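Numbering (UniProt numbering), first residue to last: 1 to 507.
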């Protein structure tokens, strides 16, 4: 019963949807024409009464009432109420379709998992698949009026071949006040356990896969049952219905054309037929009719689900898959492109003119960077010092700014004062170059090697002066324990990339 027009809108053309406006089956005209005729009939009757049968003072009173109704009718939020309601109904409609139980996954798992081409294996596969189809039939019979009309009693189910008479006795012998659509699924699981015991199902993993697919199938049946039991809240449906019909009841009076001689604002014309009011009724009432058709898609409307067709299709393909097609394979042959590493299926003459685009590689595949941007990217990966120059200069600037603001000691008097901003301290007179560390160790003699505690406590005294430009000046003091005096000398080292050279003694 579903109206399919997908092929008509396969390509976007000029006025592509216009051809759909002339369809009758499933159209808005078929659903709404009675309401439009009723609305226009009542509107015309009120208009004739106003023009021909009312007295002058009655006309004046009616005109004031019409202006009042027209003013306050616009306060009803029609678009807001209808928009949310129809969105809810459409989402629910599609979710119900996705919950219809389909046997395709289950029949493939059963055909590959339950082995045996003998009559016993064939009987097991057909019976288990028939139980699954019976479960879906029982739930669809419970929610769909079209299916119930086809199978009104259990006798019709037995006559259709979904259930044997012995199975019907077992089914009716199980006393339960609830819907018993799940009983065939339990029969399925018992047969699967028997097949595993007989060794027709090779291992527990295959049995687990088979039962998981059955649970998915049974879960879809359960969801259909719950969708049928739990409807859209009645108060929501009532609010939307009252809003729509109340709005147009008010419009029957408020949208009347009044006497232009009275000079009412907005009533300069007397057109007799309310064209835009009829269009508004068509849109809003049609919107409500959409929700009315989709709120229960298991009826017999033009756009309801083809439940009887689904029952026929599912039963036929499931039986074919587990019986006729079991073990029936075509002979293995090499395909046409056996020796072709890049197969290209041919095109017909109708598709020869279709432009064939190259394979999509990603949205950034054809992006071209500027030369400078590409050079910076390569320099960063190569570890070029040029990229480190900017952060070094910034760090050096902050360091100089910080050092210029620090207190400094002038001479040995202990008085502290700040030098002028960013001015270096007075330069000290050049000192004589210190002797080499090796010479000092030679002059120290055995005292250096004895490991005197006092000497080792002062063996490494480093004064680090950092300029924070990643070029460090280290002042190392080489001490000797001669006569308790420590001769110090400074040696400057340049540190590159975090490495430094020190003048530390080796023990």
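We treat Cβ as the ideally placed atom computed from N, Cα and C, and that holds for glycine.
Here the structure is a predicted model, which is why all the values come from computation and not from measurement.
Measure the alpha-carbon distance for residue 395 versus residue 404 and round it to whole angstroms. 14 Å
CA-to-CA distance, residue 122 to residue 196, given in whole angstroms: Each residue's Cα considered, the two are about 15 Å apart.
Just to confirm, is the Cβ distance from residue 3 to residue 303 under 8 Å? Yes, the Cβ-Cβ distance between residue 3 and residue 303 is below 8 Å.
Put residue 295 into one of helix, strand or coil per three-state DSSP. coil
Any idea which residues DSSP pairs residue 201 with across the strands? Note: residue 201 is bridge-paired with 114 in the DSSP secondary-structure output.
Closest to residue 110 by CA distance: which of 41, 97, 132 and 118 is it? 132
Run through DSSP, which three-state label would residue 179 get? coil
Three-state secondary structure (DSSP) of residue 184: helix
Using DSSP with H/G/I as helix, E/B as strand and the rest coil, what is residue 17? coil
Alpha carbon of residue 42 to alpha carbon of residue 248, nearest angstrom: 11 Å
Quick one: residues in its chain with C-beta nearer than 7 Å to the C-beta of residue 514, no 5 flanking neighbours on either side, listed in chain order? Because the chain is modelled from 1 through 507, residue 514 falls outside the range shown and cannot be assessed.
Is it buried or exposed, residue 141, if we count other Cβ atoms within 10 angstroms and call 16 or more buried? buried
Supposed close pair residue 227, residue 99 - CB separation, criterion 8 Å: Indeed they touch by this definition, with Cβ atoms about 7 Å apart.
For residue 471, the three-state DSSP class (helix, strand or coil): Confidence at residue 471 is low in this model, with a pLDDT of 37, below 50, so its placement is unreliable and no value can be given for it.
Taking residue 72 and residue 256 to be in contact with their CB atoms under 8 Å, please state how far apart those CB atoms are, rounded to whole angstroms. Contact check for residue 72 and residue 256: beta-carbon distance about 15 Å, past the 8 Å limit, so the pair fails to qualify.
With three or more C-beta pairs closer than 8 Å as the rule, is the region 282–302 touching the region 222–242? yes
Cβ neighbours of residue 468 in the same chain (closer than 7 Å, five flanking residues each side left out): No answer about residue 468 holds up, because its pLDDT of 39 lies below 50 and its placement is not dependable.
Among 35, 254, 137 and 125, which residue has its Cα nearest to the Cα of residue 47? 254
Using DSSP with H/G/I as helix, E/B as strand and the rest coil, what is residue 8? Note: residue 8 maps to helix in three-state DSSP.
Can you say whether residue 135 is buried or exposed, counting buried as having 16 or more other CB atoms within 10 angstroms of its CB? buried
Which two residues bound the contiguous alpha helix (DSSP H) that contains residue 28? 28–48
Near residue 337, which residues of its chain fall below 7 Å by C-beta distance, leaving aside the five closest residues on each side in sequence? 343
When burial is assigned at 16 or more other CB atoms within 10 Å of the CB, is residue 370 buried or exposed? exposed
Looking only at C-alpha atoms, which of 160, 286 and 276 sits nearest to residue 30? 286
Can you tell me the Cβ-Cβ gap for residue 103 and residue 128, rounded? I've got them flagged as a contact below 8 Å. Their Cβ separation, rounded to whole angstroms, is 11 Å, which puts residue 103 and residue 128 out of contact at 8 Å.
Out of 188, 252, 365 and 180, point me to the one whose CA is closest to residue 225's CA. 180
Residue 220 - DSSP class collapsed to helix/strand/coil: helix
Residues of its chain near residue 221, where Cβ-Cβ distance is below 7 Å and the 5 sequence neighbours each way are ignored: 101, 135, 136, 139 and 181
If we require 3 or more residues per run, which beta strand (DSSP E) segments fall completely within the region 143–177? none
Would you kindly check if the distance between the Cβ of residue 300 and the Cβ of residue 87 is under 8 Å? Not in contact: residue 87 and residue 300 (Cβ atoms no closer than 8 Å).
How should residue 246 be labelled, buried or exposed, when 16 other C-beta atoms within 10 angstroms of its C-beta is the threshold for buried? The Cβ neighbour count for residue 246, taken over all protein chains shown within 10 Å, is under 16; the residue is labelled exposed.
Under the three-state reduction of DSSP, which class applies to residue 514: helix, strand or coil? Residue 514 cannot be examined here, being either before or after the span of the chain that is shown, 1 to 507.
Apply the 10 Å Cβ neighbour rule to residue 274 and answer buried if 16 or more other Cβ atoms are within range, or exposed otherwise. buried
What would DSSP say about residue 138, mapped onto helix, strand or coil? In this structure, residue 138 counts as helix in the three-state DSSP scheme.
On the DSSP letters alone, give me the boundaries of the alpha helix (DSSP H) that residue 315 sits inside. Where residue 315 is concerned, the enclosing alpha helix (DSSP H) stretches over 307–319.
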